[in-house]
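Right, one structure below, let's go through it.
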Amino acid sequence: MLLDAYRITSEPYYQPQGAEISTFTAAYHERLPVMLKGPTGCGKTRFVEHMAWRLGKPLITVAAHEDMTAADLAGRYLLEPVGTIWHDGPLTQAVRHGAICYLDEIVEARQDTTVVIHPLTDARRILPLEKHNEIVPAHADFQLTISYNPGYQSAVKDLKESTKQRFVAIDFGYPQPATESAIIIRESGADSDLAAVLVAIAQRSRNLQGHGLDEGASTRMLIHTGRMVRAGLPLETAVQSAIVLPITDNPDIRAALSDAIAACLP
Amino acid sequence: MSAAKPPVAFRGLSEPEGDTRRLHLLMRQRDNLWPLFVNTWDTLSRHFDAAECEAWAGAVLALANVNAGPSCLIAYWEACSNAASTSEIAPLLGAAQATTEICRQAGAQAASASLKALGPARRFLGHGAALSRWWRAMETLARQAPESVAPTAGSMGDILAPGTVQDFENFIAAGLRAGAGDHKRRLAFFSLQDELARRTIARNPADICFPDVEAGLKAFTTALWGKAPRLRRMAGGGNDKPQRRSSIAGPLIRLPEVYRGVQGDAGRALFRAAAAHAQAHLVLGHARFTIGTLKPLQVALVNLIEDARVETLAMRGLPGLRRLWAPYHIAAPGGVATAPVLLARLARALFDPTCNDDDGFVAKGRALFAAALPRIEDSAISREIGMLLGNDLGQMRVQFNAKTYVVEPMYRDDGLGLWDFGDNAPPSDEVLELFVDAMRIDRQENADSDRQQGDPDTAEPEPGRGRPAAPDERGTIIARYPEWDRTHGVERPDWTVVREVAAPPADARAVDEALDRSSALRHRVQQLVRGVRIGRAVRLKRQHDGYDLDVDAMLDAGIALRSGQEPDPRVFRSSKPVHRDLSALLLIDTSESTRDRLPSGATILDVERLAVALLSEAMDQLGDPFGLLAFASDGRDDVRITTVKHFDEPYDRDCRARLAGLVSGLSTRLGTALRHAGHVMATTTTSRKLLIVLTDGEPSDIDVADPLDLVEDARRAAINLHMNGIDAYGVVLGNAGAAAAARIFGRGNTMLVHQINDLPTRLSELYFRLARR
Ligand SMILES: Nc1ncnc2c1ncn2[C@@H]1O[C@H](COP(=O)(O)OP(=O)(O)OP(=O)(O)O)[C@@H](O)[C@H]1O
Ligand SMILES: [Mg+2]
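Which chain is which? The protein sequence lines are Y and F, in order. Numbering follows the working numbering, with no gaps: position 92 of the first sequence is 107. Numbering follows the working numbering, with no gaps: position 51 of the second sequence is 217.
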């Protein structure tokens, strides 16, 4: 098969936070596009991988960036000795051959880029390739998922209303402490005491969101900390290097956060 | 100088010519002064020779010539008599000269106040060069801030406490700078009501003062429980009193200005311990006990148990807090078992389960507390146990003096905030004594903050028509502007008078806390800031030069080549950094209608304030130069401008204090305000200049019958701004001013905000949108 390289063969570990698996399954069943909302490092990417595996579909991931153009998504002509040849972009591949296409951090892309997905995400389910003079009807298996961190939205970079309203949304907050502990234990090999302390530490930083921090420590950061401890670093040092230092450059906030973190340690 | 010299007594009129004689003649006629003068003269003539006395007489005459008045002369004489045995004549003459100058500049009262301050000045600085520098500084003060001489002199002891004359000179310079041109602010500074002033004279550079740690404490405490504390500095507390404890008042946490003698990191740690303890009360069990018939000792014990209860709860979630509080629990068994000692030991025993104390009372307290642990969430246990223990201790007949009792350990609060003094159940005098210090400060500060917040109901006289205003109260005239006469189609030159009026002093925290309460909004604006973060580059496609190839352009070029056409050589991509070159001025309408309250209870002005604070924070972070002006008017000869922030001033606490101090009142003469804004913006050098006007209605003023006149005038002013390269935008609150604003600014330059609560978001978004163009 064409997209075999994009198939996920073994189960990616995913710890559900709520009803996201059934929501996504239903949306996929109806081939409705899905928007994953939530702060960084809370499992959005991992979730899509898990769902692709669960549904047995290939997954094509595209990380959006500010230079991304419609051609980067849809495709372009390339010059070959024999002449110009059309090359499908990643989105077109997914549409043509039936994959889940995951557009990560869609707001990063320019607005003209996002419009490309409009005809794909309404009843038409087509991808017009103007340059190639072709209209690609979506494969029955095709589905579009995007991620969107509301924290990053701005007037400059916000999804258009007409884009937003095409999607079914799933909200990823920070997991419940018990869930988050389980994730940390599993992903970093930390023991349950360490995981509980890490979750408590994360809560201190999340309390500072909007009071000096843009976002609190992510699950990803906690996993990193756990791994640093497993690699032999003392907890305090690991917390400093994997949480406090990366998260802020403001010395006052650093000091306050370090002190609050110290309050979590037995 | 030596007591051995023969007296130089010239009391007879036949004595030598010169100042000595003249002075004697003059004083002879003053019955009330003569005896004192004679005494002084006697004293001085025992210590100084004739020539020195002659010089002294000349100095006194000079002082009398500037109308120093009897009390000033007497003060001088006393100062001289006191110093005669220890001082040379020169410093005494210097004092007279300086006093003369001060009297000339600031009046007799200021002069005598300065002389009274001479005592402390000599104590700290001696009689030498330092003292003459002190006089020079006082003269400078008299010249530049005459109103502030007397208050400065009045607190000389405090002001000189740091010790060196250099410190004093710095203090004077700092006050003159901080209150530039504004005598109310200067007065606040020199009478030590201003925070900066108090910090400037803070006892010891190693002392950690509340303002130094405030921001960090706030972040720390917020991080602990996710609730931003409302911290306040506690006024008062002289050196003689025992160290004040922190105090909870409603939702506020008051912390001492300084924990005396606890310096450096230890000071910082103590502030953290205190803030965390107080916030634990507020977050984990804000008990409000009724005082009933409790005795002071029982009250103290209920406080103690409640402290232990909230700390136990706090340490369950955050065990590391134990390390924060433990160092202060130092009460050890043994010694005299007075009540305060037993209380401190009990506090320790409840805090630290490993500590050994076999005192019966302490053991009983421990047992009761342990037995109540299953109900630890319930603050009622504190009252129950406290009452029991209070009884016990009462029966042991140990000494307890409510007047002198202070809570131990030092980081704990005074307990006042835990009690509900219901109106119908006033506490006994004895109990009051326990809290008397705390309550006095409480009242005083409430009075302060009422005044500062400019409580709309009391602070301001009925605004509006014909309010008489004393000339000085109306502020300094800073400009006159023409106004358009619609009926005659002419411009009336110099028609309106603009006065700079200072905002009443207020606390910047009011603004900071409004921001804290709006953390979602703030977060959103932060994201806007991030979205345009300076240094971010714009990518340019199809360039002649660049760092890599533009694939699409390359392909087009390749296709063109193959089809025999001329290819476009611009096949590169490059980037250029975004250079922000924009300045903005916000013009805030504070007219009477902004006093209206919204359903939330906030006034329109409050919302304006929040919106401005939010945007200012963003502009500050972006480094865009900006200014903030407020305006209101009371007829054409009283258009008031309050500068909240100058363009070239950093956006600091002072700016936010001025923002907090804005009060509603009077009318809206928009055209004049626009002209003045244009004048202010003329000094900025950026290529784009934005003026954003926040207003809640159409222009109006008491001396203009037809508002259309003012609308037309404002329209012309706006056009003029445009011609001067300033983009003016109107942000209109509510529906009333929509038509007028569209007429004044043009429809495209008007933003209507129907829901006033949306203003903060809408204003910031407007700015970011405009800033992008
Ligand atoms: N619910 C979860 N189940 C399993 N692992 C999780 C879960 N949530 C987070 N993780 C772990 O956190 C890491 C980060 O998650 P992921 O990469 O999916 O974040 P993200 O939401 O996509 O972040 P970003 O927005 O920064 O891309 C994962 O590698 C995984 O180890
Ligand atoms: Mg991700």
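The beta-carbon is built from N, C-alpha and C at its ideal position, and this holds for glycine as well. Quick caveat: nothing in here was measured; it's all calculated off a predicted structure.
Element boundaries [alpha helix (DSSP H), containing residue i]
{"i": "Phe355 (chain F)", "result": "349-356"}
{"i": "Phe386 (chain F)", "result": "376-391"}
{"i": "Gly260 (chain F)", "result": "255-272"}
{"i": "Phe934 (chain F)", "result": "925-938"}
{"i": "Ala327 (chain F)", "result": "Premise fails: Ala327 (chain F) is in no alpha helix (DSSP H) and is neither H nor E."}
{"i": "Tyr21 (chain Y)", "result": "That residue, Tyr21 (chain Y), is in no alpha helix (DSSP H); it is neither H nor E in DSSP."}
{"i": "Tyr28 (chain Y)", "result": "Note, Tyr28 (chain Y): premise wrong, no alpha helix (DSSP H); not H, not E."}
{"i": "Arg658 (chain F)", "result": "Unbroken run through Arg658 (chain F) is the beta strand (DSSP E), 656-666; no alpha helix (DSSP H)."}
{"i": "Val897 (chain F)", "result": "Premise fails: Val897 (chain F) lies in the beta strand (DSSP E), 892-899, not in any alpha helix (DSSP H)."}
Environment of residue i [buried if 16+ CB atoms lie within 10 Å]
{"i": "Lys384 (chain F)", "result": "buried"}
{"i": "Asp862 (chain F)", "result": "buried"}
{"i": "Trp243 (chain F)", "result": "buried"}
{"i": "Gln191 (chain Y)", "result": "exposed"}
{"i": "Glu218 (chain F)", "result": "buried"}
{"i": "Asn198 (chain F)", "result": "exposed"}
{"i": "Lys461 (chain F)", "result": "buried"}
{"i": "Thr459 (chain F)", "result": "exposed"}
{"i": "Tyr933 (chain F)", "result": "buried"}
{"i": "Arg364 (chain F)", "result": "buried"}
{"i": "Arg935 (chain F)", "result": "exposed"}
{"i": "Lys647 (chain F)", "result": "As written in the sequence, residue 647 (chain F) is Tyr, which differs from the Lys given in the question. With 16 or more Cβ atoms within 10 Å of its Cβ, Tyr647 (chain F) is classed as buried."}
{"i": "Asp660 (chain F)", "result": "exposed"}
{"i": "Ser941 (chain F)", "result": "Since the first and last residues shown for chain F are 167 and 939, residue 941 (chain F) lies out of range."}
{"i": "His80 (chain Y)", "result": "exposed"}
{"i": "Arg420 (chain F)", "result": "buried"}
{"i": "His920 (chain F)", "result": "exposed"}
{"i": "Gln195 (chain F)", "result": "exposed"}
{"i": "Thr849 (chain F)", "result": "exposed"}
Start and end residues, beta strand (DSSP E) containing residue i
{"i": "Tyr425 (chain F)", "result": "424-429"}
{"i": "Ser749 (chain F)", "result": "748-755"}
{"i": "Lys811 (chain F)", "result": "805-811"}
{"i": "Thr916 (chain F)", "result": "916-919"}
{"i": "Gln40 (chain Y)", "result": "Strictly speaking, residue 40 (chain Y) in this sequence is Thr, with Gln absent from that position. From DSSP, Thr40 (chain Y) is part of no beta strand (DSSP E) but of the alpha helix (DSSP H) over 35-44."}
{"i": "Arg398 (chain F)", "result": "396-400"}
{"i": "Ser247 (chain F)", "result": "No beta strand (DSSP E) holds Ser247 (chain F); the alpha helix (DSSP H) holding it covers 235-249."}
{"i": "Leu780 (chain F)", "result": "Run containing Leu780 (chain F): none in the beta strand (DSSP E); it sits in the alpha helix (DSSP H), 770-788."}
{"i": "Ile161 (chain Y)", "result": "158-163"}
{"i": "Ala184 (chain Y)", "result": "183-186"}
{"i": "Phe797 (chain F)", "result": "792-799"}
{"i": "Asp274 (chain Y)", "result": "Note, Asp274 (chain Y): premise wrong, no beta strand (DSSP E); alpha helix (DSSP H) at 266-279."}
{"i": "Ser413 (chain F)", "result": "413-415"}
{"i": "Ala645 (chain F)", "result": "642-651"}
Inset, instruction - Measuring from each Cβ to the nearest heavy atom of ligand 1, keep the ones under 5 Å and list them in chain order. - result: Y:Tyr29, Y:Gln30, Y:Thr55, Y:Gly56, Y:Cys57, Y:Gly58, Y:Lys59, Y:Thr60, Y:Arg61, Y:Ile198, Y:Glu202, Y:Thr234, Y:Arg235
Inset, instruction - Within the region 71-152 of chain Y, note down every full beta strand (DSSP E) run reaching 3 residues or more, in order along the chain. - result: 74-78, 90-95, 98-103, 115-119, 141-144, 149-152
Inset, instruction - At 4 residues or longer, and completely inside the region 684-728 of chain F: list those alpha helix (DSSP H) runs for me, N to C. - result: 685-697, 717-728
Legend entry - Cβ contact check for the region 24-34 of chain Y and the region 55-71 of chain Y: 3 or more pairs under 8 Å: Below 8 Å, enough C-beta pairs join the region 24-34 of chain Y and the region 55-71 of chain Y to call them touching: three or more.
Legend entry - alpha helix (DSSP H) runs contained entirely in the region 188-261 of chain Y, provided each spans 4 or more residues: The region 188-261 of chain Y contains these whole alpha helix (DSSP H) runs: 192-203, 207-222, 234-245, 250-254.
Legend entry - Sufficient close CB pairs (3 or more, under 8 Å) joining the region 710-720 of chain F to the region 823-834 of chain F: The way I'd put it, the region 710-720 of chain F doesn't touch the region 823-834 of chain F; fewer than three beta-carbon pairs between them come closer than 8 Å.
Inset, instruction - Could you tell me whether the region 810-819 of chain F touches the region 791-799 of chain F, using the rule of 3 or more Cβ pairs below 8 Å? - result: yes
Inset, instruction - For the region 558-576 of chain F and the region 499-517 of chain F, state whether three or more C-beta atom pairs, one from each stretch, are separated by less than 8 Å. - result: yes
Inset, instruction - Specify whether the region 863-878 of chain F and the region 835-846 of chain F touch according to this definition: at least 3 beta carbon pairs, one from each stretch, less than 8 Å apart. - result: yes
Inset, instruction - Report the residue ranges of all alpha helix (DSSP H) runs contained in full by the region 446-516 of chain F; include only those spanning at least 4 residues, in chain order. - result: 462-483, 487-491
Inset, instruction - Give a yes or no on contact between the region 331-351 of chain F and the region 662-679 of chain F, applying the rule of three or more CB pairs nearer than 8 Å. - result: At 8 Å Cβ cutoff, the stretches touch.
Inset, instruction - Determine, using beta-carbon pairs with one atom in the region 537-544 of chain F and one in the region 487-502 of chain F, whether at least three such pairs fall under 8 Å. - result: no
Legend entry - Inter-stretch contact at 8 Å, needing at least 3 Cβ pairs: the region 374-392 of chain F / the region 330-350 of chain F: no
Inset, instruction - Say whether the region 266-283 of chain F touches the region 233-243 of chain F, bearing in mind that this needs 3 or more beta-carbon pairs closer than 8 Å, one atom from each stretch. - result: Proximity of the region 266-283 of chain F to the region 233-243 of chain F meets the contact definition, three or more beta-carbon pairs being nearer than 8 Å.
Legend entry - Inter-stretch contact (C-beta, 8 Å, three-pair minimum) for the region 183-200 of chain F and the region 224-232 of chain F: yes
Legend entry - At least three beta-carbon pairs within less than 8 Å, the region 747-754 of chain F to the region 122-130 of chain Y: Judged by Cβ distances under 8 Å, the region 747-754 of chain F makes no contact with the region 122-130 of chain Y, as fewer than three pairs qualify.
Legend entry - Cβ contact (3+ pairs, closer than 8 Å) linking the region 732-744 of chain F and the region 868-888 of chain F: no
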